[in-house]
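Trainee:
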Amino acid sequence: MTRSGSPRIEGYAVLAGVGLVAALALHRPELAILAASFALLLAVGTRVARDPGVSVEVVFDEERTVEGVDVHGTATMRAGRGVDRLELALRLPPGVEPSNGATAHAFRLRAGEIREIPLAFRCKRWRLFDVGELEVHARDPFRLVVWSARQTAGH
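Numbering (the numbering used here), first residue to last: 68 to 222.
Here you go:
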(Lines of atoms letter the chains of each structure in order from A and count residues from 1; the text may use other names and numbers.)
(Lines give C-alpha, C1' and ligand atoms only; values in the text may rest on other atoms or scores of the structure.)
Protein backbone atom coordinates (compact mmCIF):
# COMPACT_ATOMS: atom_id res chain seq x y z
CA MET A 1 0.00 0.00 0.00
CA THR A 2 1.14 3.52 -0.77
CA ARG A 3 1.36 5.99 2.12
CA SER A 4 0.28 9.60 1.59
CA GLY A 5 -0.85 12.53 3.67
CA SER A 6 -4.46 13.60 3.89
CA PRO A 7 -5.53 17.23 3.33
CA ARG A 8 -5.84 17.58 7.11
CA ILE A 9 -2.04 17.77 7.37
CA GLU A 10 -1.95 20.98 5.34
CA GLY A 11 -4.87 22.45 7.28
CA TYR A 12 -3.33 21.72 10.68
CA ALA A 13 0.06 23.06 9.53
CA VAL A 14 -1.54 26.29 8.33
CA LEU A 15 -3.48 26.68 11.59
CA ALA A 16 -0.32 26.12 13.63
CA GLY A 17 1.71 28.57 11.53
CA VAL A 18 -0.94 31.29 11.48
CA GLY A 19 -1.53 30.87 15.20
CA LEU A 20 2.15 31.24 16.03
CA VAL A 21 2.57 34.29 13.81
CA ALA A 22 -0.58 35.84 15.31
CA ALA A 23 0.71 35.14 18.83
CA LEU A 24 3.94 36.98 18.02
CA ALA A 25 2.19 39.87 16.29
CA LEU A 26 -0.50 40.36 18.94
CA HIS A 27 1.67 39.47 21.96
CA ARG A 28 -0.91 36.90 23.07
CA PRO A 29 0.52 33.67 24.57
CA GLU A 30 -2.93 32.03 24.41
CA LEU A 31 -2.70 31.92 20.62
CA ALA A 32 0.70 30.23 20.85
CA ILE A 33 -0.74 27.56 23.14
CA LEU A 34 -3.63 26.98 20.78
CA ALA A 35 -1.32 26.78 17.76
CA ALA A 36 1.01 24.42 19.60
CA SER A 37 -1.82 21.93 20.02
CA PHE A 38 -2.18 21.67 16.22
CA ALA A 39 1.58 21.30 15.81
CA LEU A 40 1.64 18.60 18.49
CA LEU A 41 -1.21 16.74 16.78
CA LEU A 42 0.75 16.82 13.52
CA ALA A 43 3.96 15.60 15.12
CA VAL A 44 2.38 12.79 17.12
CA GLY A 45 -0.18 11.78 14.50
CA THR A 46 2.30 11.37 11.67
CA ARG A 47 4.86 9.66 13.91
CA VAL A 48 2.59 6.96 15.35
CA ALA A 49 0.83 6.13 12.05
CA ARG A 50 1.81 2.62 10.95
CA ASP A 51 0.97 0.59 7.86
CA PRO A 52 -2.16 -1.39 8.79
CA GLY A 53 -1.18 -4.38 6.67
CA VAL A 54 -4.51 -4.65 4.87
CA SER A 55 -4.93 -7.42 2.33
CA VAL A 56 -7.88 -7.75 -0.03
CA GLU A 57 -9.00 -10.80 -1.98
CA VAL A 58 -11.86 -10.72 -4.48
CA VAL A 59 -13.63 -13.91 -5.54
CA PHE A 60 -16.57 -14.16 -7.94
CA ASP A 61 -19.08 -17.02 -8.01
CA GLU A 62 -18.96 -17.30 -11.80
CA GLU A 63 -16.34 -16.44 -14.35
CA ARG A 64 -18.88 -16.12 -17.16
CA THR A 65 -22.44 -14.94 -17.24
CA VAL A 66 -25.32 -14.10 -19.54
CA GLU A 67 -26.41 -10.56 -20.33
CA GLY A 68 -28.62 -9.10 -17.58
CA VAL A 69 -27.94 -11.84 -15.02
CA ASP A 70 -26.50 -10.87 -11.65
CA VAL A 71 -22.94 -11.90 -10.84
CA HIS A 72 -22.15 -12.27 -7.16
CA GLY A 73 -18.80 -12.13 -5.47
CA THR A 74 -17.09 -11.44 -2.20
CA ALA A 75 -14.31 -9.05 -1.22
CA THR A 76 -12.45 -10.37 1.84
CA MET A 77 -10.38 -7.89 3.86
CA ARG A 78 -7.84 -8.69 6.57
CA ALA A 79 -5.89 -6.21 8.68
CA GLY A 80 -2.66 -6.84 10.54
CA ARG A 81 -3.28 -3.71 12.64
CA GLY A 82 -6.48 -1.92 13.47
CA VAL A 83 -7.84 0.46 10.83
CA ASP A 84 -9.97 3.39 11.95
CA ARG A 85 -11.60 3.76 8.53
CA LEU A 86 -11.24 1.35 5.63
CA GLU A 87 -12.80 2.45 2.35
CA LEU A 88 -13.46 -0.02 -0.44
CA ALA A 89 -14.63 1.17 -3.88
CA LEU A 90 -15.29 -0.99 -6.94
CA ARG A 91 -14.80 1.03 -10.14
CA LEU A 92 -17.02 -0.57 -12.79
CA PRO A 93 -16.47 0.01 -16.52
CA PRO A 94 -19.20 1.31 -18.83
CA GLY A 95 -21.66 -1.49 -19.58
CA VAL A 96 -21.46 -2.99 -16.08
CA GLU A 97 -23.81 -1.77 -13.37
CA PRO A 98 -24.17 -2.64 -9.68
CA SER A 99 -27.11 -4.90 -8.83
CA ASN A 100 -27.63 -3.64 -5.31
CA GLY A 101 -26.72 0.00 -6.01
CA ALA A 102 -23.62 0.04 -3.79
CA THR A 103 -20.09 0.06 -5.18
CA ALA A 104 -18.42 1.75 -2.19
CA HIS A 105 -18.21 0.69 1.44
CA ALA A 106 -16.55 2.18 4.52
CA PHE A 107 -16.09 0.53 7.89
CA ARG A 108 -13.73 0.02 10.84
CA LEU A 109 -11.53 -3.07 10.97
CA ARG A 110 -9.87 -4.35 14.16
CA ALA A 111 -6.46 -6.00 14.21
CA GLY A 112 -6.69 -9.56 12.91
CA GLU A 113 -10.34 -9.17 11.95
CA ILE A 114 -11.60 -10.60 8.68
CA ARG A 115 -14.50 -8.83 6.96
CA GLU A 116 -16.38 -10.06 3.90
CA ILE A 117 -18.29 -7.62 1.71
CA PRO A 118 -20.76 -9.01 -0.82
CA LEU A 119 -20.44 -7.64 -4.35
CA ALA A 120 -23.13 -7.90 -7.01
CA PHE A 121 -23.30 -6.49 -10.52
CA ARG A 122 -24.70 -7.25 -13.97
CA CYS A 123 -23.57 -6.72 -17.54
CA LYS A 124 -26.02 -4.66 -19.58
CA ARG A 125 -24.91 -6.13 -22.89
CA TRP A 126 -23.04 -9.10 -24.26
CA ARG A 127 -19.27 -8.79 -24.47
CA LEU A 128 -16.09 -9.52 -22.53
CA PHE A 129 -15.76 -7.18 -19.54
CA ASP A 130 -13.02 -6.65 -17.05
CA VAL A 131 -14.91 -6.01 -13.84
CA GLY A 132 -12.78 -3.02 -13.04
CA GLU A 133 -10.49 -1.84 -10.29
CA LEU A 134 -10.88 -2.22 -6.59
CA GLU A 135 -9.60 0.81 -4.67
CA VAL A 136 -8.75 0.44 -0.99
CA HIS A 137 -7.99 3.37 1.33
CA ALA A 138 -7.03 2.86 4.98
CA ARG A 139 -6.84 5.78 7.39
CA ASP A 140 -5.12 6.16 10.75
CA PRO A 141 -7.09 7.18 13.89
CA PHE A 142 -6.17 10.88 13.48
CA ARG A 143 -7.01 10.65 9.75
CA LEU A 144 -3.73 12.34 8.88
CA VAL A 145 -2.20 9.47 6.90
CA VAL A 146 -3.84 7.42 4.14
CA TRP A 147 -2.63 4.11 2.74
CA SER A 148 -3.98 3.43 -0.74
CA ALA A 149 -3.93 0.44 -3.06
CA ARG A 150 -5.53 -0.52 -6.36
CA GLN A 151 -5.96 -3.96 -7.74
CA THR A 152 -7.77 -5.44 -10.70
CA ALA A 153 -10.94 -7.15 -9.55
CA GLY A 154 -10.76 -9.77 -12.32
CA HIS A 155 -13.05 -10.59 -15.25
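Glycine is no exception: its CB is placed at the ideal position from the N, C-alpha and C atoms.
#1: Taking Cβ to Cβ, would you say glutamate 134 is nearer than 7 Å to cysteine 190?
#2: Suppose you measure from the CA of alanine 54 to the CA of alanine 142; what does that come to, to the nearest Å?
#3: Report yes or no: do the region 203-213 and the region 105-119 share at least 3 C-beta pairs separated by less than 8 Å?
#4: So aspartate 128 and valine 115 are supposed to be a Cβ contact under 8 Å. How far apart are they, rounded?
#5: If we count the other Cβ atoms within 10 Å of its Cβ and call it buried at 16 or more, is valine 88 buried or exposed?
#6: Applying the 10 Å Cβ sphere with the 16-neighbour rule, what's the burial state of phenylalanine 174?
#7: Measuring straight from C-alpha to C-alpha, what distance separates asparagine 167 and alanine 187?
#8: Pop quiz: proline 119 and glycine 147 are said to be a contact at Cβ under 8 Å. What is the actual Cβ separation, rounded to whole angstroms?
#9: Based on the DSSP output, what are the partners of alanine 216 in its beta bridges?
#10: How many whole angstroms separate the CB atoms of valine 213 and serine 71, which I take to be in contact at a CB cut-off of 8 Å?
#11: Which residue marks the beginning of the beta strand (DSSP E) containing glycine 140, and which one marks its end?
#12: Where does threonine 170 sit, in a helix, a strand or coil, going by DSSP?
Mentor: Working from what's here:
#1: Start at 1 with the first residue of the sequence shown, and residue 134 comes out as number 67. Start at 1 with the first residue of the sequence shown, and residue 190 comes out as number 123. Yes, these two residues count as a Cβ contact at 7 Å.
#2: Because the chain here runs from 68 to 222, residue 54 falls outside it and cannot be looked at.
#3: The region 203-213 vs the region 105-119: in contact.
#4: Counting from one through the sequence shown, the residue named residue 128 turns up at place 61. Counting from one through the sequence shown, the residue named residue 115 turns up at place 48. Going by Cβ atoms, the distance from aspartate 128 to valine 115 rounds to 41 Å, so no, they are not a contact pair.
#5: To locate residue 88, count along the sequence shown from 1; it is residue 21. Exposed.
#6: To locate residue 174, count along the sequence shown from 1; it is residue 107. Taking a 10 Å sphere around the C-beta of phenylalanine 174, we find fewer than 16 other C-beta atoms and assign the residue as exposed.
#7: Along the sequence shown, one-based indexing puts residue 167 at 100. Along the sequence shown, one-based indexing puts residue 187 at 120. CA-CA distance, asparagine 167 to alanine 187, rounds to 6 Å.
#8: The residue given as residue 119 occupies position 52 in the sequence shown. The residue given as residue 147 occupies position 80 in the sequence shown. The beta carbons of proline 119 and glycine 147 sit about 6 Å from each other, so the pair counts as a contact at 8 Å.
#9: Translated into the one-based positions of the sequence shown, residue 216 becomes position 149. Looking at the DSSP assignment, alanine 216 forms a beta bridge with Val203.
#10: Sequence index remark: in the sequence shown, residue 213 carries index 146 (1-based). Sequence index remark: in the sequence shown, residue 71 carries index 4 (1-based). Under the criterion of beta carbons closer than 8 Å, valine 213 and serine 71 qualify as touching, at roughly 5 Å.
#11: As a working note, residue 140 is residue 73 in the sequence shown. Unbroken beta strand (DSSP E) run through glycine 140: 137-146.
#12: Taking the sequence shown and counting its residues from 1, the one referred to as residue 170 is at position 103. In the structure shown, threonine 170 sits in coil (DSSP, three-state: anything other than H, G, I, E or B).
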